[in-house]
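All residue numbers for the sequence shown refer to my numbering, where the first residue is 185 and numbers rise by one. All residues carry an ideal CB built from backbone N, CA and C; glycine is no exception. None of the values given here were measured: they were computed from a predicted structure. For reference, the structure is listed below as structure tokens.
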Amino acid sequence: MSGLMVTRHAGGADVPAMFRIYNSALDDYFNVESVEYFMLQWPRGQFVAESVLGGTVGALSSYILDDRTVSVALLAVDPSSQGRGAGSAMLDALITECRMSGLPRIQLEARVTNARALSLYERKGFRRTEMLPSLYSDGGDGVRLVLDLGRGAAGSRPRPQPR
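Right, dumping it as structure tokens:
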């Protein structure tokens, strides 16, 4: 990420900024209660990207779907800050959190027409697993992508072999 942004865990005070970003950058409308719901479900799975000049420029909300899988519910970057690494940095922060929490799988959905997002997710190692017809409120199709971090995510990093 650019030296002009930092990524951190989000808290309750970040909900208004997250709400603003989700509704300025995503096609569907999300209410404040949705953001608060995800915050309560898994506090460690909420992230924001901030400009060092002030202001939140990105937000990511995720939740634990089952004992192995984290689902990214919402990920957005303010349109004026897109393409500067905020989305990538928030995904990296989530991947690190999942590894530390022993959660070996991350899934998310994206519009099939969102080439920029799909390119980011595939660069991070996500693979397309399922087409989701009419996923979005306007009838737009989606695709599910999955990133497998390995068994017991905390132990998913390669370990040196004894000599």
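Where ILE205 and ILE279 are concerned, what is the direct C-alpha to C-alpha distance, given to the nearest angstrom?
-> If you draw a straight line from the Cα of ILE205 to the Cα of ILE279, it is about 21 Å long.
What's the C-alpha gap between ALA201 and ASN215?
-> Across the structure, ALA201 and ASN215 are spaced so that their CA atoms are roughly 12 Å apart.
Measure how close the beta-carbons of GLY334 and PRO288 come, nearest whole angstrom, since I'm counting them as under 8 Å.
-> Contact flag correct, Cβ pair sits at about 6 Å.
ALA260 - containing alpha helix (DSSP H), residue span | Going by DSSP, ALA260 is part of no alpha helix (DSSP H) but of the beta strand (DSSP E) stretching over 253 to 261.
Have a look at ARG300, THR253, TYR320 and flag the residue whose alpha-carbon is nearest the alpha-carbon of VAL261.
-> VAL261 has its Cα closest to that of ARG300, out of ARG300, THR253, TYR320.
Boundaries of the beta strand (DSSP E) in which GLN225 is found, first to last residue = For GLN225, there is no enclosing beta strand (DSSP E); the enclosing alpha helix (DSSP H) has its first and last residue at 216 to 225.
In angstroms, rounded to a whole number, what distance separates the CA positions of VAL327 and LEU224?
-> If you take the alpha carbons of VAL327 and LEU224, they lie about 26 Å apart.
Coil, strand or helix - THR240 by DSSP = Looking at THR240 - three-state DSSP - the assignment turns out to be strand.
Compute the beta-carbon to beta-carbon distance between VAL190 and GLU217, rounded to the nearest angstrom, for a pair I have assumed lies under 8 Å.
-> 27 Å between Cβ atoms; not a contact.
Boundaries (first-last residue) of the alpha helix (DSSP H) holding ARG271 = According to the sequence displayed, residue 271 carries Gly and not Arg. Taken as a continuous stretch (DSSP letters only), the alpha helix (DSSP H) holding GLY271 covers 270 to 285.
Could you check if VAL236 is buried or exposed, using at least 16 other CB atoms within 10 Å of its CB as the buried criterion?
-> Around the CB of VAL236, fewer than 16 other CB atoms lie within 10 Å, so the residue is classed as exposed.
Determine the burial state of THR297: buried for a count of at least 16 other Cβ atoms within 10 Å of its Cβ, exposed for fewer.
-> Flag for THR297 reads exposed.
Please classify ASP325: is it buried, with 16 or more other beta-carbons within 10 angstroms of its beta-carbon, or exposed?
-> Within 10 angstroms of the beta-carbon of ASP325 lie fewer than 16 other beta-carbons, which makes it exposed.
For GLY229, three-class secondary structure by DSSP | Three-state result, GLY229: helix.
Could you tell me whether the Cβ atoms of LEU259 and LEU302 are closer together than 8 Å?
-> With respect to LEU302, LEU259 sits apart: the two C-beta atoms are not nearer than 8 Å.
Quick one: is SER264 buried, meaning 16 or more other Cβ sit within 10 Å of its Cβ, or exposed?
-> SER264 is exposed by the Cβ-count criterion.
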